[in-house]
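S.K.: Questions regarding the structure given below will be posed in turn.
In our numbering, the protein residues as written are 455 to 747.
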């Protein structure tokens, strides 16, 4: 038998080499790199997506149907959802205890909310009251072909102008009266001190000396002076709170007056579907009754 010899490099073919496997691996690496580069270039060439449309909350359409008509149920094979079980009696201790606990919890929650947000609730109720009062004016302007936003601005502007005119007339009168009291107070005090009644009291009880002593104690007492300063600061904070509350009520009135039609539609939806037409006709009847009176 002849021994098989490995071919020498000279006997190998022209396309072979000792590192043939290494050349194939390098070729695969180059192909993979080119593929990654081509994918990266394609991603760079893709356009950047623009702004997507924002999802808006819209009220679903209300389906009109006859509320009195009820679908007929085929109960020949028995109840559709099975036989109802026995109802729990309203006198059952578990029912009474659970409902009583739930009622007390709801009452405490409402009390906590009311006590901590009383000022805010007052502002909201005031703004809603103003919006309901100005709504007939805005609807009257709408009947005269005035857009609702313009009608809202006109109605609120007239209201603000009227309130400003009222205070512009009232404040100077109050300031004048207070100034007269301050100017005449020394004369009133001097006349009372020089009167025979005060002299008789002073001769019997020493009122003048006691008043002087109390005034000296009051001036020298730092707590009393701090109380006066605190009163001035409290008055200033009250005025600032009033101005801030007025601005909030004005802004809320504008918002409620502009969104009142949508608020009415949502309010009608709180009523049962069978009674919504009556609720919708009630404001019209009320307006007609007020118009005839």
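Don't be surprised by glycine CBs; every beta carbon is placed ideally from N, CA and C. Quick caveat, the model's predicted, so the values are computed rather than measured.
(1) Would you call residue 710 buried or exposed, if buried means 16 or more other Cβ atoms sit within 10 Å of its Cβ?
(2) Assuming residue 588 contacts residue 560 (C-beta within less than 8 Å), just tell me the rounded distance between them.
(3) DSSP three-state label for residue 633, please.
(4) Using a Cβ-Cβ cut-off of 7 Å (strictly less than) and excluding sequence neighbours within five positions of residue 592, which residues of its own chain qualify?
(5) Could you please give the first and the last residue of the uninterrupted alpha helix (DSSP H) stretch that includes residue 675?
(6) Indicate the three-state DSSP secondary structure (helix, strand or coil) for residue 685 in the structure shown.
(7) For the structure I just gave you, are there three or more beta carbon pairs, one from the stretch 576 to 586 and one from the stretch 690 to 709, closer than 8 Å?
(8) Looking at C-beta atoms only, is the number of pairs between the stretch 714 to 733 and the stretch 616 to 632 that lie closer than 8 Å three or more?
(9) In the DSSP assignment, find the alpha helix (DSSP H) that holds residue 589 and state where it starts and stops.
(10) Helix, strand or coil for residue 648, going by three-state DSSP, please let me know.
(11) With DSSP collapsed to three states, give me the class of residue 544.
(12) By DSSP, does residue 601 sit in helix, in strand, or in coil?
(13) For residue 728, which of helix, strand or coil comes out of DSSP?
(14) Buried or exposed for residue 572, going by 16 or more other Cβ atoms inside 10 Å?
(15) Using only the alpha-carbon positions, how far apart do residue 497 and residue 491 sit?
(16) Go ahead and label residue 581 buried or exposed: buried means 16 or more other beta carbons lie within 10 angstroms of its beta carbon, across all protein chains shown.
(17) Quick check on the DSSP output: the alpha helix (DSSP H) that includes residue 660 runs from which residue to which?
(18) Quick check on residue 655: buried or exposed, where buried means 16 or more other Cβ atoms within 10 Å of its Cβ?
M.R.: Put simply:
(1) Reading the chain shown from its first residue, position 256 is the one you call residue 710. Looking at its Cβ environment, which holds 16 or more other Cβ atoms inside 10 Å, residue 710 is buried.
(2) Position 134 of the chain shown, counted from the start, is the residue given in the question as residue 588. Position 106 of the chain shown, counted from the start, is the residue given in the question as residue 560. Between residue 560 and residue 588 the Cβ distance is about 34 Å, and since that is not below 8 Å, they are no contact.
(3) Reading the chain shown from its first residue, position 179 is the one you call residue 633. Reduced to three states, the DSSP call for residue 633 is helix.
(4) Numbered from its first residue, the chain shown carries residue 592 at position 138. Same-chain partners within the cutoff: 602, 605, 606, 609 and 711.
(5) Indexing the chain shown from 1 puts residue 675 at position 221. Residue 675 -> no alpha helix (DSSP H), and no H or E assigned at all.
(6) What you label residue 685 is simply residue 231 of the chain shown in a count that begins at 1. DSSP places residue 685 in helix when its eight states are reduced to three.
(7) Flag = yes, the stretch 576 to 586 and the stretch 690 to 709 touch.
(8) Segments in contact, no.
(9) As a working note, residue 589 is residue 135 in the chain shown. Start and end: 572 to 597.
(10) Counting from 1 along the chain shown, the entry for residue 648 is found at position 194. Note: residue 648 maps to coil in three-state DSSP.
(11) On the chain shown, residue 544 is found 90 positions in, with the first residue counted as 1. Here residue 544 sits in coil by DSSP.
(12) Walking along the chain shown from the start, residue 601 turns up at place 147. In the three-state reduction of the DSSP assignment, residue 601 falls in the coil class.
(13) Taking the first residue of the chain shown as 1, we reach residue 728 at position 274. Correct three-state label for residue 728: helix.
(14) Counted from its first residue, the chain shown places residue 572 at position 118. If you draw a 10 Å sphere on the C-beta of residue 572, you find fewer than 16 other C-beta atoms in it, and that means exposed.
(15) As a working note, residue 497 is residue 43 in the chain shown. As a working note, residue 491 is residue 37 in the chain shown. When rounded, the distance between both Cα atoms is 10 Å.
(16) For the purposes of this step, residue 581 is taken as the residue at position 127 of the chain shown. By the neighbour-count definition (other C-beta atoms within 10 Å, threshold 16), residue 581 is a buried residue.
(17) In the chain shown, the residue the question calls residue 660 occupies position 206. Neither: residue 660 is in no alpha helix (DSSP H) and is coded neither H nor E.
(18) Residue mapping note: residue 655 aligns to position 201 of the chain shown, counting from 1. The residue is exposed, with fewer than 16 neighbouring Cβ atoms inside 10 Å.
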